[in-house]
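Chemist: Here our numbering is used: the first residue of the sequence shown is 25, the next is one more, and so on.
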Amino acid sequence: MKFLSYVEPPEPMRGLLVPPEVVEALGEGSRPPVTITLNGHSWRSRVAFLRGRHLIGLSHANRRAAGVEIGEEVEVELELDTEPRVVVEPEDFARALDDDPAARAAYDHLTYSRKREHVRAVESAKMPETRRRRIEKAIATLRG
25 MKFLSYVEPP EPMRGLLVPP EVVEALGEGS RPPVTITLNG HSWRSRVAFL
75 RGRHLIGLSH ANRRAAGVEI GEEVEVELEL DTEPRVVVEP EDFARALDDD
125 PAARAAYDHL TYSRKREHVR AVESAKMPET RRRRIEKAIA TLRG
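#1: Taking Ser-137 as part of the alpha helix (DSSP H), name the residues at either end of that continuous run.
#2: Measure the C-alpha to C-alpha separation of Ser-69 and Arg-75 and round it to an integer number of angstroms.
#3: From Thr-165, Val-146, Ala-164, pick the residue whose C-alpha is nearest to that of Arg-156; which is it?
#4: Quickly, what does DSSP pair Phe-73 with across the bridge? List them, please.
#5: Using 8 angstroms as the Cβ pair cut-off and three pairs as the minimum, do the region 82-93 and the region 55-72 touch?
#6: Are Val-143 and Glu-113 closer than 8 angstroms when you measure CB to CB?
#7: Taking all protein chains shown into account, do 16 or more other C-beta atoms lie within 10 angstroms of the C-beta of Ile-56, making it buried, or fewer, making it exposed?
#8: Does the structure place the region 96-103 close enough to the region 124-139 that three or more beta carbon pairs sit under 8 angstroms?
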């Protein structure tokens, strides 16, 4: 489904306004999972509902990859995302989870976004010691 939108400034977030009729046509409620394509660049997200408006968040990285600027009118292609959202765990993190059944059970019950946060924290560590500490912290947090 294609529509025109403006790249909005961060008030309170940078994004693309999605017409209500587009959200309704997707048929998955007010916050459907979607694949967005902008100037040939695609990413997965959810439609947000903020201050009475449907929006798609537009990070600096996605804005740059799509080659769009704030204030620009753009053609947005939006599709319902029906693919399962899967987070691939790094081997060392997966091993630590498997070694702790309580942490593994807690992790397996997390939402896609929460799993992704744990994995990003581990993968963004620059030093092996930092990575190890982050894995230990994640396991402790998951254990409760």
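Backbone N, C-alpha and C fix where the C-beta goes; we use that ideal spot for every residue, glycine too.
Modeler: Reading off the structure:
#1: 136-147
#2: 19 angstroms
#3: Val-146
#4: His-78
#5: yes
#6: yes
#7: Residue identity differs from the one stated: residue 56 is Pro in this sequence, not Ile. Residue burial is scored here from C-beta neighbours: Pro-56 has at least 16 other C-beta atoms within 10 angstroms and is therefore classed as buried.
#8: The region 96-103 and the region 124-139 do not touch, with fewer than three beta-carbon pairs separated by less than 8 angstroms.
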